[in-house]
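Colleague:
Residue numbers (UniProt numbering): 1 to 423.
Listed below in C-alpha cells is the structure:
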C-alpha cells in the first residue's frame with residue numbers, strides 16, 4: 001500500500017507535455033554511456049518519465065516508491081516479471097554514475113527481505129547532466145564521426161568535457177590540440193530538453209563558413225585582396241601610377257615586364273594554361289574545377305540549412321551527398337541546387353532528389369527564380385497578390401504544402417475559408 005505524496009516531495013522538473021500520449025526525453029550522453037546496461041537504461045527512462053509526468057498529474061510530485069513497485073513497472077525478459085535482484089543491480093549502476101540518487105543522503109539500495117521490499121518506500125532523485133569532468137560522447141553524431149573500420153581492435157577515445165564557470169570545454173584525447181568551448185554568454189543552439197548544450201569542435205586550420213557565404217566562390221580583387229606587390233614593377237611612386245618622369249621606352253619595358261610577372265604569378269581564381277596541353281584537356285580541367293566548386297557550394301548550403309556550426313557537413317554526410325551534386329546541378333541549375341540543398345539540410349534529409357520534389361522546396365525554388373519584386377510582379381496574375389498565380393494558397397503551418405486552399409482573389413466562385421483545406 002503506497003502512501004500519498006507530501007508537499008515536500010515535489011520535484012523541480014517541469015514539462016510542457018499537453019498531448020494525451022506522454023513521452024520522455026533524455027540526454028544523448030546517457031544513451032551512449034559505455035557502462036550503461038539495457039536494464040539500467042530502461043529503469044532510468046521509467047523513473048525519468050514519472051518525473052516529467054508528475055507536473056501534469058493532480059497533486060503533482062514524484063511519490064515514494066517501494067522496490068517491489070519498481071519491479072512491477074520494469075518489464076522483464078520474455079514477458080516475465082523483473083526480479084528484485086535485477087532492479088537492485090540497475091539502481092546500483094545508476095547510482096554509481098550519479099543518474100539516480102537518494103535525496104535523503106542514504107544508500108539507494110539496501111539489503112531487505114520480501115516484506116521490506118513491499119513496505120519500505122523511498123524517494124528517488126533523477127539527474128540529467130554528467131559530472132563536471134566527463135569522458136564520453138556528447139551525442140550520436142560525434143560518435144558516428146569518430147567511426148573507423150578497425151574500431152574493434154583500436155577503439156577511438158571519446159573526448160573529455162570539463163564544465164567551468166565560463167561554460168563547457170571539450171578536449172579530444174586522440175588530438176590534444178583540438179578543443180572546443182561553449183561559453184555561458186553564447187546563444188544556445190537548442191533549448192529543447194534532451195540536448196547537451198555545446199557545439200562541435202572545429203579542427204585546427206578549418207575556417208567556419210558564415211551563413212550566406214559560398215565556400216567555393218572566388219573572392220573579387222579589392223584593396224585588401226589584391227595581387228602581390230612584386231607584380232607591379234612599372235613605378236616606384238607611392239600612388240601606384242607610372243612615373244611621369246619615365247621615358248616612353250622605360251614605360252614600354254615596364255609594361256612588358258609586368259605582363260611577364262602576371263603570367264608567372266597568375267590571377268587568383270583563373271586557371272593557368274599548361275604548355276603542350278590540348279584544348280580538350282584544358283576544357284576538361286575547367287569542367288572538373290567547376291564541378292568541385294559547385295560541390296563545395298551545394299554542400300555548404302546543406303550545412304547552413306542543417307545549422308552545422310562549422311559550415312561544413314561531417315565526412316559521413318559529405319560522402320552521401322557528394323555523388324548527387326552533379327546530377328542536381330545539371331537538372332536544376334546551381335542557384336536552384338543551393339536552395340534545394342538548404343531545404344534538405346533544414347529537414348535533415350540526405351536525398352537531394354527527394355528534397356527537390358517536396359512541395360515546399362519547389363515553392364522556394366520558384367521564389368528564388370522569380371523577379372525580386374515578388375508580390376508586385378505577381379499582381380498582374382493575382383488581383384490581390386495572395387498567391388503565386390496558381391490559384392492555391394498554402395497555410396503558414398503547412399510547410400509541406402499538403403493542405404492548400406483556394407485563393408479567393410483568383411477563384412472567387414470556388415473560394416473557401418482559410419481553414420477549409422482541400423483534401
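Don't be surprised by glycine CBs; every beta carbon is placed ideally from N, CA and C.
1) Enumerated in chain order, which unbroken segments of the alpha helix (DSSP H) with a length of 4 residues or greater are wholly contained in the segment 306-349?
2) With distances taken between CB atoms, is the gap from residue 352 to residue 340 smaller than 8 angstroms?
3) What are the boundary residues of the alpha helix (DSSP H) that includes residue 363?
4) Taking residue 127 as the reference, give the member of 368, 20, 298 and 51 with the closest Cα.
5) Distance, Cα to Cα, residue 82 vs residue 90?
6) At a cut of 8 angstroms, does the segment 128-137 reach the segment 292-307 through at least three beta carbon pairs?
7) Just mark residue 147 as buried or exposed, buried being the case when its beta carbon has 16 or more other beta carbons within 10 Å.
8) Given this structure, state the Cα-to-Cα distance separating residue 144 from residue 27, to the nearest angstrom.
9) By Cβ distance, which residues of its chain are closer than 6 angstroms to residue 139, with the 5 residues on each side in sequence left out?
10) Return the chain-ordered ranges of every alpha helix (DSSP H) run that is complete within the segment 20-81 and spans a minimum of 4 residues.
11) Between which two residues does the beta strand (DSSP E) harbouring residue 163 extend?
12) Leaving out five residues on either side along the sequence, give the residues of the same chain with a beta carbon under 8 angstroms from the beta carbon of residue 24.
13) Need the endpoints of the beta strand (DSSP E) that residue 167 sits in, please.
14) Note down the Cα distance separating residue 299 from residue 347, rounded to an integer number of angstroms.
15) Going by the DSSP bridge assignment, what does residue 118 pair with across the sheet?
16) Which value, in whole angstroms, describes the spacing of the CA atoms of residue 92 and residue 161?
17) Residue 328 and residue 337: beta carbons closer than 8 angstroms?
18) In whole angstroms, what separates the C-alpha of residue 42 from that of residue 149?
19) What are the boundary residues of the alpha helix (DSSP H) that residue 85 is part of?
20) Kindly indicate which residue of 20, 74 and 358 has the alpha-carbon position closest to the one of residue 38.
21) Could you work out which residue in 365, 166, 319 and 85 is closest to residue 331 when comparing CA atoms only?
22) Leaving aside the five residues before and after residue 356 along the sequence, list all residues of the same chain whose C-beta is less than 6 angstroms from its C-beta, in chain order.
23) In whole angstroms, what separates the C-alpha of residue 97 from that of residue 20?
24) Taking buried to mean at least 16 other C-beta atoms within 10 Å of its own C-beta, is residue 301 buried or exposed?
25) Measure the C-alpha to C-alpha separation of residue 72 and residue 360 and round it to an integer number of angstroms.
26) Can you find the residues in the same chain that come closer than 7 angstroms, C-beta to C-beta, to residue 193, ignoring five residues on each side of it along the sequence?
27) Taking just the CA atoms, how far does residue 354 sit from residue 343?
28) Which residues does DSSP pair with residue 100 in a beta bridge?
Modeller: Result, derived from the coordinates:
1) 315-332 and 334-346
2) Residue numbering aside, residue 352 sits at position 352 when the chain shown is read from its first letter. Residue numbering aside, residue 340 sits at position 340 when the chain shown is read from its first letter. Cβ distance < 8 angstroms, so residue 352 and residue 340 count as in contact.
3) In the chain shown, counting from the first residue as 1, residue 363 sits at position 363. Start and end: 359-369.
4) Here residue 127 refers to the residue found at position 127 when the chain shown is read from its first residue. Of 368, 20, 298 and 51, the residue nearest in Cα terms is 51.
5) By one-based count along the chain shown, residue 82 stands at place 82. By one-based count along the chain shown, residue 90 stands at place 90. Computed Cα separation, rounded: 11 angstroms.
6) no
7) On the chain shown, residue 147 is found 147 positions in, with the first residue counted as 1. Flag for residue 147 reads exposed.
8) For this step, residue 144 is matched to residue 144 along the chain shown. For this step, residue 27 is matched to residue 27 along the chain shown. Their Cα atoms are separated by approximately 17 angstroms.
9) As a position in the chain shown, residue 139 is number 139, starting the count at 1. Contacts found: 28.
10) 28-31, 38-53 and 67-73
11) The residue you call residue 163 lines up with position 163 of the chain shown. Counting along the chain, the beta strand (DSSP E) containing residue 163 begins and ends at 160-164.
12) Residue mapping note: residue 24 aligns to position 24 of the chain shown, counting from 1. So the qualifying residues of the chain are 45, 48, 49 and 52.
13) The count along the chain shown starts at 1 and reaches residue 167 at position 167. Segment 167-171, the beta strand (DSSP E) holding residue 167.
14) Residue 299 sits at position 299 when you count from the first residue of the chain shown. Residue 347 sits at position 347 when you count from the first residue of the chain shown. Each residue's alpha carbon lies about 14 angstroms from the other.
15) Here residue 118 corresponds to residue number 118 of the chain shown, with the count starting at 1. The partner list for residue 118 (beta bridge, DSSP) is empty, contrary to what the question assumes.
16) Position 92 of the chain shown, counting from 1, holds the residue named residue 92. Position 161 of the chain shown, counting from 1, holds the residue named residue 161. Those two C-alpha atoms are separated by around 24 angstroms.
17) Your numbering for residue 328 matches position 328 in the chain shown. Your numbering for residue 337 matches position 337 in the chain shown. Taking 8 angstroms as the Cβ cut-off, residue 328 and residue 337 qualify as a contacting pair.
18) Within the chain shown, the letter at position 42 stands for residue 42. Within the chain shown, the letter at position 149 stands for residue 149. Near 30 angstroms, if we compare the C-alpha coordinates of residue 149 and residue 42.
19) Translated into the one-based positions of the chain shown, residue 85 becomes position 85. First-last of the alpha helix (DSSP H) with residue 85: 84-96.
20) Along the chain shown, one-based indexing puts residue 38 at 38. Ranking 20, 74 and 358 by Cα distance to residue 38 puts 74 first.
21) Stepping through the chain shown from its first residue, residue 331 is reached at position 331. Residue 365 is the option with its Cα nearest to residue 331.
22) Sequence index remark: in the chain shown, residue 356 carries index 356 (1-based). Correct list, in chain order: 340.
23) Position 97 of the chain shown, counting from 1, holds the residue named residue 97. Position 20 of the chain shown, counting from 1, holds the residue named residue 20. Between residue 97 and residue 20, the C-alpha separation is close to 33 angstroms.
24) As a working mapping, residue 301 is identified with position 301 in the chain shown. By the neighbour-count rule (16 or more Cβ atoms within 10 Å), residue 301 is buried.
25) The residue labelled residue 72 in the question sits at position 72 within the chain shown. The residue labelled residue 360 in the question sits at position 360 within the chain shown. If you take the alpha carbons of residue 72 and residue 360, they lie about 48 angstroms apart.
26) Translated into positions along the chain shown, residue 193 becomes position 193. With a pLDDT of 35 at residue 193, under the threshold of 50, the modelled position of this residue cannot be trusted; read the value that follows with caution. Answer for residue 193: 25, listed in chain order.
27) Here residue 343 corresponds to residue number 343 of the chain shown, with the count starting at 1. Here residue 354 corresponds to residue number 354 of the chain shown, with the count starting at 1. Between residue 343 and residue 354, the C-alpha separation is close to 11 angstroms.
28) As a position in the chain shown, residue 100 is number 100, starting the count at 1. For residue 100, which the question treats as bridged, DSSP gives the partners 126.
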